[in-house]
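Reviewing the structure listed below.
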Amino acid sequence: MAQSREERLAHGLRTMGFAQTPASAHGLITGCLVADPEAGNDLLIKSLGEALPLTENPAEAFDRLVDELRRHLLAQLYDIELGFAPLVPEDAEIETRAQALSEWADGFISGLGQTPRLGGLKPSAESAEILRDLAEIARMDPEPEDSEASEKDFEELLEYVRVGVLLIADELAPENPTRIPMQ
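Residue numbers (this note's numbering): 17 to 199.
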């Protein structure tokens, strides 16, 4: 059975010795790419922090994984079908998914903040409000209540994050979208 993108990312992060969870790393890389769609693998890997590799020469495989993730995210972020979604476990308890969304939001804000934006663009008032909301989500303390209402609330929050990130990405996108390197 083929590994999911989340499992492959978790394995790559462990192999390289990064402390991030898959959700946090996905959010961080997404934030970097929203700020600068031309960001390359070196910048994306550097944004993850200091690595303490657990095996010999894991960098080449991890570089390929990050490149695949970069191309996948760019295709999702700038797709007319609006196919982007934060990396959050699908088949986990609500508390685990809420924790992953919190980590994802924290990673996104970090990635967006540490990457220089193309053309020095600043977020609009609407995007700034979305970023404040993401900061609140990053600080949320998931409650262990697994109910139908909690599930509905989580799905609404996940959709808000998804659409909010797409709005920010659209706002900060370069004027010439053909320059976005999806290959």
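Cβ atoms here follow ideal geometry from the backbone N, Cα and C, with glycine treated the same way.
DSSP-derived helix/strand/coil call for residue i
i, result
"Ile110", "helix"
"Leu81", "helix"
"Val50", "helix"
"Gln36", "coil"
"Asp186", "helix"
"Gln19", "coil"
"Ala26", "helix"
"Glu66", "coil"
"Ala101", "coil"
"Asp95", "coil"
"Thr31", "helix"
Distance CB(residue i)-CB(residue j) smaller than 8 Å
i, j, result
"Leu25", "Leu90", "no"
"Leu150", "Gly129", "no"
"Ala41", "Leu59", "no"
"Ser118", "Ile146", "no"
"Arg148", "Leu188", "no"
"Pro102", "Leu173", "no"
"Ser143", "Leu182", "no"
"Gly43", "Ala114", "no"
"Gly127", "Ile45", "yes"
"Ala165", "Ala39", "no"
"Ala51", "Thr131", "yes"
"Ile110", "Phe170", "yes"
Residue span of the alpha helix (DSSP H) that contains residue i, given as start and end
i, result
"Asp58", "Asn57 to Ser63"
Cβ-based burial, residue i [other Cβ within 10 Å; buried from 16]
i, result
"Asp201", "The structure shown does not extend to residue 201, since the chain is modelled only from 17 to 199, so the question has no answer here."
"Ser20", "exposed"
"Ala15", "This structure leaves residue 15 out entirely; the chain is present only between 17 and 199."
"Ala141", "exposed"
"Ser163", "exposed"
"Gly99", "exposed"
"Asp157", "exposed"
"Ile3", "Past the edges of the chain, shown from 17 to 199, lies residue 3, and the structure says nothing about it."
"Arg86", "buried"
"Ala75", "exposed"
Residue i: CB within 7 Å of a non-hydrogen atom of the ligand PLP
i, result
"Ala35", "You won't find the ligand PLP in this model; it holds no ligand whatsoever."
Every unbroken alpha helix (DSSP H) inside the region 124-184 [4 residues or more]: The region 124-184 contains these whole alpha helix (DSSP H) runs: 141-155.
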